[in-house]
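Visitor: Residue numbers (my numbering), protein chains in the order written: chain A, 214 to 555; chain B, 37 to 327.
Just so you know, even glycine gets a beta-carbon here, dropped at the ideal spot from N, CA and C.
Once you've had a glance at the structure underneath, I'll fire off some questions.
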Ligand SMILES: Nc1ncnc2c1ncn2[C@@H]1O[C@H](COP(=O)(O)OP(=O)(O)OP(=O)(O)O)[C@@H](O)[C@H]1O
Ligand SMILES: [Mg+2]
């Protein structure tokens with residue numbers, strides 16, 4: 214277990230500035246999910262922490278030790294790669310033993326640690342197989358095992374579940390949650406799957422073009438997004454936005470240019486207590502079983518409403534769109550959220 | 037399309053390859069085998085069946101045995117260093133993308149030069165009195181050897197010229213192989229605590245092993261069949277020091293016109309190369325990791 218700190222870390226590839234300046238503190242034992250759109254620099258940040266990529270500027274600390282110039286093997290970090298990166302010519306056993314051999318542990322300790330990890334991740338049956346003889350889920354577990362045998366201070370995951378099918382993803386997700394409960398090491402977990410981030414992490418850090426938009430507990434970033442970007446990024450389907458000028462009958466804080474409300478707070482009716490957004494034609498109906506996403510065009514904006522069950526609305530229906538006053542989020546011209554009371 | 041038509045099409049498509057292979061490889065090989073059982077007069081106008089006596093003559097000829105040892109010596113001096121050196125050069129180039137583009141071409145240039153020209157170049161370099169090599173050695177206060185004229189030095193000298201000529205070819209194969217070693221495996225190994233040398237030994241080399249086997253087999257076969265350099269640099273001398281099996285064969289076939297014996301030598305050479313290659317494959321079986 215160890216704390217991690219990015220202090221003003223920046224990274225450029227040539228003239229291309231990928232990370233302009235990252236400040237992020239991660240407490241010892243914390244599980245932080247790093248999320249953001251593709252290409253925003255998540256992997257780059259993780260790789261800088263691992264030592265696989267050298268920052269252009271700034272410092273990185275692990276447990277108050279400046280590791281910026283330290284080689285990957287001396288940082289006490291392990292990483293689970295998206296591709297798993299299992300050594301194809303070694304058996305599962307040898308894959309697990311490799312970090313221990315490099316650390317020059319004795320044979321009996323190596324055996325002990327491998328058995329421990331194999332039992333924890335249910336790998337005992339697979340020890341003599343080569344990676345090519347494993348299923349995707351099994352490879353994933355071996356990759357986790359290899360990262361764990363060394364008892365790293367910080368465990369890094371780069372989209373570890375993205376190559377698994379939906380069902381397996383759910384199962385491995387719960388295994389990772391149980392694992393963190395058990396080993397309690399600090400985890401930095403890159404994903405662009407919101408559900409993974411929301412369900413696994415103690416804290417979610419949202420990156421946009423290499424800058425930290427917000428870092429906070431899952432329900433906080435969902436309930437109190439600091440910026441319009443966070444509001445649109447966290448939550449599926451994403452938050453609806455309309456121009457503040459289209460709204461009437463509600464007190465809009467000064468400086469507000471855009472108003473947002475979540476699809477799940479969108480009502481396809483109008484009544485006295487609700488704030489009316491406008492009306493529009495249904496352009497798409499997506500039934501998902503337990504819920505249905507109804508896409509509408511209201512003026513220039515496209516709005517998604519989430520309804521329970523399978524509602525009666527049909528393509529082309531003209532519907533009123535409204536929401537609760539308390540469900541509104543206000544954003545200024547810079548995309549920052551403005552408090553309703555302001 | 038019916039099965040029958042498929043079969044016809046298959047044979048039709050294979051025909052050009054089979055024809056060329058048959059005409060220029062299989063038939064001549066069988067012809068050698070056949071000719072090796074005969075004795076010819078000097079003008080090749082009459083032949084008499086002699087059974088295996090061409091072979092027994094070879095086995096009883098000390099010169100032939102010497103050519104066998106010279107061949108092994110030459111193969112070892114050429115193939116082993118050229119594979120190791122090429123692997124080293126390719127690894128260094130692979131790690132330095134900046135130089136890779138230019139130096140790849142530099143190393144490949146000798147391959148593009150004709151053997152005769154390359155050999156002439158080395159004759160100048162090796163000249164004991166006016167050659168550049170001895171000039172350098174003497175500038176350090178040593179006496180340079182008579183490279184091509186000294187039986188002790190002739191094989192290493194011809195081998196060096198061959199290595200220089202072939203190196204770029206092997207480097208290209210190794211560079212292609214190295215490019216296919218996934219970066220994340222090397223990174224995973226670095227995170228697992230391996231230093232650069234251990235990454236190479238435990239990850240890169242095993243993944244590269246099919247390429248190493250391929251390049252080794254090709255290099256050994258090439259060395260066995262070396263002719264151009266020897267012919268121009270030493271003409272098999274001094275005192276037979278560089279008369280390899282191939283050179284001996286050439287001399288018997290085209291200078292001494294002993295067609296029967298030369299054919300038998302071709303068959304023996306084929307068997308020796310076959311054995312050599314299968315030893316390599318056998319050695320590789322447990323060490324090469326195919327993906
Ligand atoms: N070695 C490199 N050289 C040049 N540019 C790079 C390099 N590595 C990454 N980049 C660029 O840096 C940016 C961030 O890449 P990064 O891999 O960190 O994104 P990411 O957030 O992990 O995206 P994804 O979700 O698609 O994995 C991208 O624009 C990418 O093209
Ligand atoms: Mg990535």
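1. Give me the subset of the stretch 208-238 of chain B whose CB atoms are less than 8 Å from a CB atom of chain A, sorted by chain position.
2. What is the rounded straight-line gap between the Cα of residue 293 of chain B and the Cα of residue 47 of chain B?
3. Go through the residues and name those whose CB comes closer than 5 Å to any heavy atom of ligand 1, in chain order.
4. What first and last residue would you give for the alpha helix (DSSP H) that runs through residue 430 of chain A?
5. Does the Cβ of residue 183 of chain B have 16 or more other Cβ atoms within 10 Å, making it buried, or fewer, making it exposed?
6. Would you say residue 265 of chain A faces chain B, with C-beta separation under 7 Å as the test?
7. Have a look at the DSSP bridge pairing and note the partners of residue 369 of chain A.
8. Below 7 Å between beta carbons is the criterion; list the residues of the stretch 296-307 of chain A that meet it against any residue of chain B, in chain order.
9. Between the alpha carbons of residue 490 of chain A and residue 548 of chain A, how many angstroms are there, rounded?
10. So which of A:414, A:258 and A:218 has the shortest CA-CA distance to residue 226 of chain A?
11. From A:254, A:230 and A:299, pick the residue whose C-alpha is nearest to that of residue 358 of chain A; which is it?
12. In the DSSP assignment, what are the bridge partners of residue 423 of chain A?
13. Strictly under 7 Å for the Cβ-Cβ distance: is residue 364 of chain A near chain B by that measure?
14. For residue 375 of chain A versus residue 295 of chain A, is the C-beta distance shorter than 7 Å?
15. Please state whether DSSP places residue 226 of chain A in a helix, a strand or coil.
16. Rounded to whole angstroms, how far is the Cβ of residue 330 of chain A from the Cβ of residue 361 of chain A, which I believe are closer than 8 Å?
17. At 7 Å on the CB atoms, spell out the chain A contacts of residue 242 of chain B, in chain order.
18. Around the C-beta of residue 95 of chain B, are 16 or more other C-beta atoms found within 10 angstroms, so that it is buried, or is it exposed?
19. Excluding the 5 residues flanking residue 123 of chain B on each side, which residues of the same chain have their C-beta closer than 6 Å to its C-beta?
20. Threshold first: 4 residues or longer. Then list the alpha helix (DSSP H) segments lying entirely within the stretch 319-351 of chain A, N to C.
21. Does residue 518 of chain A come out as helix, strand or coil in the three-state DSSP assignment?
22. Once DSSP output is grouped into helix, strand and coil, what is the label at residue 149 of chain B?
23. So that I know if they touch, is there some Cβ in chain B lying closer than 7 Å to that of residue 311 of chain A?
24. Just to confirm my understanding: we take residue 365 of chain A, look at its own chain, exclude 5 residues before and 5 after, and list those with CB closer than 8 Å. What are they?
25. Where does residue 138 of chain B land, buried or exposed, given buried means 16+ other C-beta within 10 angstroms?
26. Looking at chain B, which residues of the stretch 315-343 of chain A have a Cβ within less than 7 Å of any of its Cβ atoms?
27. Strictly under 7 Å for the Cβ-Cβ distance: is residue 294 of chain A near chain B by that measure?
28. Would you verify that the beta carbon of residue 476 of chain A is, or is not, closer than 7 Å to some beta carbon of chain B?
29. Tell me whether the stretch 288-304 of chain B and the stretch 261-274 of chain B touch, counting them as touching only if at least three CB pairs, one residue from each stretch, are closer than 8 Å.
30. With a threshold of 7 Å between beta-carbons, can residue 285 of chain A be considered close to chain B, or not?
31. For the beta strand (DSSP E) containing residue 473 of chain A, list its first residue and its last residue.
32. Are residue 367 of chain A and residue 468 of chain A close, meaning C-beta to C-beta below 7 Å?
33. Specify the secondary structure class of residue 266 of chain B as computed by DSSP and reduced to three states.
34. What does residue 291 of chain A touch in chain B if you count any residue whose Cβ is under 7 Å from its own?
35. Does the Cβ-Cβ distance between residue 423 of chain A and residue 233 of chain A come in under 7 Å?
Guide: With the structure as the only source:
1. 218, 220, 221, 223, 224, 225, 226, 227, 228, 229, 230, 231, 234 and 238
2. Counting from 1 along the second chain, the entry for residue 293 of chain B is found at position 257. Counting from 1 along the second chain, the entry for residue 47 of chain B is found at position 11. Cα to Cα, residue 293 of chain B sits roughly 40 Å from residue 47 of chain B.
3. A:226, A:231, A:251, A:252, A:253, A:254, A:255, A:256 and A:257
4. For this step, residue 430 of chain A is matched to residue 217 along the first chain. No alpha helix (DSSP H) holds residue 430 of chain A; DSSP gives it neither H nor E.
5. Here the question's residue 183 of chain B lines up with position 147 in the second chain. Classification for residue 183 of chain B: buried.
6. As a working mapping, residue 265 of chain A is identified with position 52 in the first chain. So, interface residue.
7. Taking the first chain and counting its residues from 1, one reaches residue 369 of chain A at position 156. Residue 369 of chain A pairs with A:292 and A:401.
8. 296, 298, 300, 301 and 302
9. Within the first chain, the letter at position 277 stands for residue 490 of chain A. Within the first chain, the letter at position 335 stands for residue 548 of chain A. Going by the C-alpha atoms only, they are around 20 Å apart.
10. Here residue 226 of chain A corresponds to residue number 13 of the first chain, with the count starting at 1. Here the closest residue by C-alpha is A:258.
11. The residue given as residue 358 of chain A occupies position 145 in the first chain. Cα-wise, what sits closest to residue 358 of chain A is A:299.
12. The residue you call residue 423 of chain A lines up with position 210 of the first chain. Looking at the DSSP assignment, residue 423 of chain A forms no beta bridge with any residue, so it has no partner.
13. As a working mapping, residue 364 of chain A is identified with position 151 in the first chain. No, residue 364 of chain A does not count as interfacial toward chain B.
14. Taking the first residue of the first chain as position 1, residue 375 of chain A is located at position 162. Taking the first residue of the first chain as position 1, residue 295 of chain A is located at position 82. A contact, by the Cβ cut-off of 7 Å.
15. In the first chain, the residue the question calls residue 226 of chain A occupies position 13. Strand at residue 226 of chain A.
16. As a position in the first chain, residue 330 of chain A is number 117, starting the count at 1. As a position in the first chain, residue 361 of chain A is number 148, starting the count at 1. Between residue 361 of chain A and residue 330 of chain A the Cβ distance is about 5 Å, and since that is below 8 Å, they are a contact.
17. Along the second chain, one-based indexing puts residue 242 of chain B at 206. Neighbours of residue 242 of chain B on chain A, chain order: 302.
18. Taking the second chain and counting its residues from 1, one reaches residue 95 of chain B at position 59. Exposed, by the Cβ-count rule.
19. Position 87 of the second chain, counted from the first residue, corresponds to residue 123 of chain B. Closer than 6 Å at Cβ, skipping near neighbours: 210.
20. 320-334
21. Translated into the one-based positions of the first chain, residue 518 of chain A becomes position 305. Strand.
22. The sequence position of residue 149 of chain B within the second chain is 113, counting from 1. It is coil, neither helix nor strand.
23. Start at 1 with the first residue of the first chain, and residue 311 of chain A comes out as number 98. It does; some Cβ of chain B falls within 7 Å.
24. In the first chain, the residue the question calls residue 365 of chain A occupies position 152. Excluding positions up to five away in sequence, the list reads 289, 290, 291 and 398.
25. If you number the second chain from 1, residue 138 of chain B lands on position 102. Looking at its Cβ environment, which holds fewer than 16 other Cβ atoms inside 10 Å, residue 138 of chain B is exposed.
26. 315 and 316
27. In the first chain, the residue the question calls residue 294 of chain A occupies position 81. Output row for residue 294 of chain A: interface = yes.
28. The residue given as residue 476 of chain A occupies position 263 in the first chain. No - not a single Cβ of chain B is within 7 Å of the one on residue 476 of chain A.
29. no
30. Along the first chain, one-based indexing puts residue 285 of chain A at 72. So, interface residue.
31. Translated into the one-based positions of the first chain, residue 473 of chain A becomes position 260. 469-474 is the extent of the beta strand (DSSP E) around residue 473 of chain A.
32. In the first chain, the residue the question calls residue 367 of chain A occupies position 154. In the first chain, the residue the question calls residue 468 of chain A occupies position 255. Against a cut-off of 7 Å, the Cβ pair of residue 468 of chain A and residue 367 of chain A comes out as no contact.
33. If you number the second chain from 1, residue 266 of chain B lands on position 230. Note: residue 266 of chain B maps to helix in three-state DSSP.
34. Looking up residue 291 of chain A in the first chain gives position 78. Within chain B, the residues near residue 291 of chain A are 227.
35. Taking the first chain and counting its residues from 1, one reaches residue 423 of chain A at position 210. Taking the first chain and counting its residues from 1, one reaches residue 233 of chain A at position 20. A contact, by the Cβ cut-off of 7 Å.
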